[in-house]
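Asker: The numbering of the sequence shown is numbering that gives the first Met the number 0, which starts it at 0 and goes up by one.
Pasting a structure here, questions to come.
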Amino acid sequence: MEKTLAIIKPDAVKKKAAGKIIQRIEDEGFTITGLKMLSLTKEEAEGFYVVHKERPFYSSLTDFMSSGKIVVMQLEREDAISHWRKTMGVTDPALAEPGTIRREFGFSIETNATHGSDAPETAAWELSYFYKDKDAIEKL
Ligand code: UDP
Ligand code: MG
């Protein structure tokens, strides 16, 4: 089974959409094998999005991602990475297909409700960012 990292971002937690998003994840056939709610410091958000360091939206994005609680999950499924990306929809909620999470719960290209890893290497790196002790999560 493939693993991916999913995050319910502060905008969706604030609007109390976390429960509906988690239900959707299970309805899509994912097994949630790790889940925690936490807040990122600005520095932790910068570390997580370091790949976007040179982008004009980096500062605003990392302010947003450290602005409130998030829900971090490890999801498992066949083709988990691409299936979660498809379930979320494209980055800009206005362009995301009807029925996708970002279309339903996202507000702007920045405050777009959820995150998902985009490739096996990034999934492994992003999971290790939140789950330092890999052995512990395997036992959950
Ligand atoms: N983002 C933004 N402005 C943009 C593009 C992206 O604020 O023009 C934010 C948005 O929250 C997005 C995140 O930065 O989810 C990471 O961008 P990426 O291009 O990796 O999109 P994703 O993989 O999340 O669809
Ligand atoms: Mg991305």
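Glycine included, C-beta positions come from ideal geometry on N, C-alpha and C.
All values reported here derive from a predicted model rather than from experimental measurement.
Return yes when the Cβ of residue 30 is within less than 9 Å of the Cβ of residue 75, no when it is not.
Answerer: Contact: yes.
Asker: Report the start-end ranges of each beta strand (DSSP E) in the stretch 26-90 that is 3 residues or longer and not cut off at the edges.
Answerer: 30-37, 69-76, all fully within the stretch 26-90.
Asker: The ligand UDP and residue 48: does the residue's C-beta get closer than 8 Å to at least one heavy atom of that ligand?
Answerer: Yes, Cβ of residue 48 sits closer than 8 Å to a heavy atom of the ligand UDP.
Asker: Comparing alpha-carbon positions, which option in 61, 80, 27, 79 lies nearest residue 98?
Answerer: Among 61, 80, 27, 79, the Cα nearest to that of residue 98 is on 27.
Asker: Flag this pair as touching only if the stretch 81-90 and the stretch 34-54 have three or more C-beta atom pairs under 8 Å; answer yes or no.
Answerer: Segments in contact, no.
Asker: Tell me the rounded alpha-carbon separation between residue 96 and residue 18.
Answerer: Near 21 Å, if we compare the C-alpha coordinates of residue 18 and residue 96.
Asker: Which residue marks the beginning of the alpha helix (DSSP H) containing residue 121, and which one marks its end?
Answerer: Looking at the DSSP string, the run of the alpha helix (DSSP H) that includes residue 121 is 119-129.
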